[in-house]
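Working notes, beginning with the structure itself.
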Amino acid sequence: MQTRKENRPEKLCETCAKPFTWRKKWERDWDQVKYCSERCRRNKNKLEE
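Using the numbering used here, the first residue of the sequence shown is number 30, and each one after it goes up by one.
In structure tokens:
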């Protein structure tokens with residue numbers, strides 16, 4: 030069964046605070062996903078100015 034785009038769960042990125050939606054590659058690990066991108070994951074300790 031395919032999930033429609035408007036029904037996909039969303040989270041807020043812990044680094045940039047932008048919303049991002051569920052992706053197929055995160056299917057097994059969705060509960061542990063915290064960042065919207067690799068860039069945000071790498072910059073998690075840097076403060077935004």
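Idealized CB from N, CA, C, for every residue including glycine. Nothing here was measured: the structure is a model prediction, and the numbers come from that model.
- Counting along the chain, no alpha helix (DSSP H) covers E43, and no H or E run does either.
- Nearest to C69 by C-alpha distance, out of A46, R57, K53, E35, is A46.
- Sequence-distant Cβ neighbours of W59 in its own chain, meaning closer than 8 Å and more than five residues away, are P38, W51.
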